[in-house]
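Right, one structure below, let's go through it.
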Amino acid sequence: MLKGLLFDLDGVIADTARFHLAAWNRVAESLGITLPPAANDALRGRSRQASLDLILNYGPGANHFSADEKAALAAKKNTEYLQAIATLTPADILPGVPQLLDDAQAAGLQLAIASASKNAPAILAKLGIADRFSAIVDPAQLQHGKPDPEIYLKAQALLGLAANEVVSFEDASAGVAAIKAAGQFAVGIGDATVLAAADLVVPSTADLKLATITAAFNREVS
Ligand code: BG6
Ligand code: MG
């Protein structure tokens with residue numbers, strides 16, 4: 083029986099994935115690296131450090147940079163990102179999400195955030211929805227990033243739920259892989275080809291309807 087919903091944040095709750103990408107593109111450009119189109123999905127859901135290594139590997143290679151140089155590049159990216167999210171307001175919650183959260187709470191479902199971002203609590207506060215979630219996984223406490231299942235297993239544990247009692251939402255292929263490795267039902271938001279491993283894919287958050295999701299979950303999991 084469905085008892086909880088686990089949400090990625092960037093690209094699922096708010097359109098902040100584009101701010102991450104823009105800030106990383108500026109870092110890449112400063113190093114003379116041009117990111118290929120595939121980086122759009124590859125960078126989603128990855129920790130700050132893993133994202134930087136991925137970018138450097140599109141250029142001379144991550145091991146050509148010292149730990150101090152990498153820390154400076156990651157800090158530069160985060161400074162730009164913080165400037166971009168400074169103006170977020172509740173109006174920046176993606177379409178369909180407020181209704182989904184309302185319907186989920188009316189149905190008695192528990193809600194949790196499973197985001198790799200250390201900025202997630204600040205973003206939820208700016209969006210005015212921090213109190214909707216009874217658990218927010220702290221990515222600093224994790225050993226492994228997405229596509230490892232650790233973050234989704236941690237989120238379900240914080241809610242006291244089992245894998246067959248939750249639905250998890252992602253916009254990244256690494257995130258969908260993490261959900262499926264955790265044995266949970268995955269809803270992918272975006273390109274059906276990129277997110278083919280998900281149990282249900284919708285083109286945009288505006289298409290997220292609790293009744294449709296619950297019906298698909300009951301067909302597959304029960
Ligand atoms: C994920 C984003 O949610 O958080 C990634 O999809 C980002 O793009 C990661 O790299 C880490 O975020 P932050 O805010 O801690 O640098
Ligand atoms: Mg995401």
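Under our numbering, the first residue of the sequence shown is numbered 83, with each subsequent residue one higher. Ideal Cβ placement from N, Cα and C applies to all residues, glycine included.
Should residue i be listed as close to the ligand MG, given that the test is whether its C-beta is under 6 Å from any heavy atom?
| i | result |
| --- | --- |
| R100 | no |
| D253 | yes |
| R126 | yes |
| G227 | no |
| D90 | yes |
| G93 | yes |
Determine, using beta carbons only, whether residue i and residue j come nearer to each other than 7 Å.
| i | j | result |
| --- | --- | --- |
| F251 | F299 | no |
| L134 | K152 | yes |
| A254 | L88 | no |
| L277 | V283 | yes |
| D90 | T98 | no |
| L209 | I175 | yes |
| A198 | P229 | no |
| G86 | I115 | no |
| V258 | I295 | no |
| T287 | P118 | no |
| P240 | A186 | Sequence inspection shows Leu at residue 240; the Pro mentioned does not correspond to that position. No, Cβ-Cβ distance for L240 and A186 is not below 7 Å. |
| L243 | E232 | no |
| I137 | A110 | yes |
| A132 | G272 | no |
| R214 | L183 | yes |
Tell me, which residues are paired with residue i by DSSP?
| i | result |
| --- | --- |
| D92 | A96 |
| G86 | Q192 and V248 |
| I205 | In DSSP, I205 forms no bridge with anything. |
| I211 | In DSSP, I211 forms no bridge with anything. |
Taking 6 Å as the cut-off, is the C-beta of residue i nearer than that to any heavy atom in the ligand BG6?
| i | result |
| --- | --- |
| S197 | yes |
| R108 | no |
| S216 | no |
| N139 | no |
| R130 | yes |
| S250 | no |
| K236 | no |
| N145 | no |
Name the two residues that bound the continuous alpha helix (DSSP H) containing residue i.
| i | result |
| --- | --- |
| S255 | S255 to A263 |
| I295 | L292 to V303 |
| I137 | R130 to N139 |
| Q238 | E232 to L240 |
| K200 | Segment: none, K200 is in no alpha helix (DSSP H) and carries neither H nor E. |
| I167 | A149 to I167 |
| A145 | For clarity, residue 145 is Asn in the given sequence; the question names Ala instead. Neither: N145 is in no alpha helix (DSSP H) and is coded neither H nor E. |
| A121 | A121 to A124 |
Following the continuous beta strand (DSSP E) through residue i, name the residue where it begins and the one where it ends.
| i | result |
| --- | --- |
| V248 | V248 to E252 |
| I268 | Reading off the sequence, residue 268 comes out as Ala, not Ile. Start and end: F267 to I271. |
| L282 | L282 to V284 |
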